[in-house]
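S.K.:
Residue numbers (our numbering): 24 to 154.
#1: To which residues of the same chain is residue 79 closer than 7 Å at the C-beta, ignoring the five residues directly before and after it?
#2: Buried or exposed: residue 76, going by 16 or more other Cβ atoms within 10 Å of its Cβ?
#3: Is there contact here, the region 136-153 with the region 107-117, by at least three beta-carbon pairs under 8 Å?
#4: Of the choices 73, 43, 68, whose alpha-carbon is the least far from that of residue 53?
#5: Can you give the Cα-Cα distance for residue 62 and residue 153, rounded to whole angstroms?
#6: Would you kindly report the start and end of the unbroken alpha helix (DSSP H) that includes residue 142?
#7: Helix, strand or coil, according to DSSP, for residue 69 in the structure here?
#8: Are residue 136 and residue 35 touching if we call contact CB-CB under 8 Å?
#9: Could you give the residue range of the alpha helix (DSSP H) that holds residue 98?
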């Protein structure tokens with residue numbers, strides 16, 4: 024029973040937008056010390072993560088190359104999980120890695136689905152079509 028089926032495209036677009044904005048906020052924390060974070064400092068790996076999160080989040084939210092951006096973001100979240108969380112225990116609920124796992128699979132889904140409606144990609148595709 025899919026009672027929201029007629030809103031599937033809109034729901035996906037909202038999910039893509041919100042996930043992208045929230046992911047960009049994580050990047051802003053690392054790059055700019057935003058939202059009460061001290062920032063990444065001189066940690067090169069954290070700076071790279073910040074760039075992927077900030078730029079990738081914006082691209083995903085806008086729906087501009089959202090598929091490739093989400094694929095890279097998904098990979099980054101897998102690396103983040105295994106590098107930062109997995110050493111703390113076998114289960115994400117124990118090692119506090121749930122958000123990394125959810126982002127990883129959410130972005131993998133977006134990568135497979137593409138930008139969808141309400142996206143820059145859709146707007147650009149319309150402009151390229153002959154009248």
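C-beta atoms are modelled at their ideal positions from N, C-alpha and C, and glycine is treated no differently.
M.R.: If we stick to the structure as given:
#1: So the list reads 46, 92, 95, 96, once near-sequence residues are dropped.
#2: Taking every protein chain shown into account, the CB of residue 76 has 16 or more other CB atoms within 10 angstroms, so this residue is buried.
#3: No, the region 136-153 is not in contact with the region 107-117.
#4: Checking every option, the nearest Cα to that of residue 53 belongs to 73.
#5: When rounded, the distance between both Cα atoms is 47 Å.
#6: Neither: residue 142 is in no alpha helix (DSSP H) and is coded neither H nor E.
#7: Helix at residue 69.
#8: Their beta carbons are under 8 Å apart, which means residue 136 touches residue 35 by this criterion.
#9: In the DSSP assignment, residue 98 falls within the unbroken alpha helix (DSSP H) covering 89-103.
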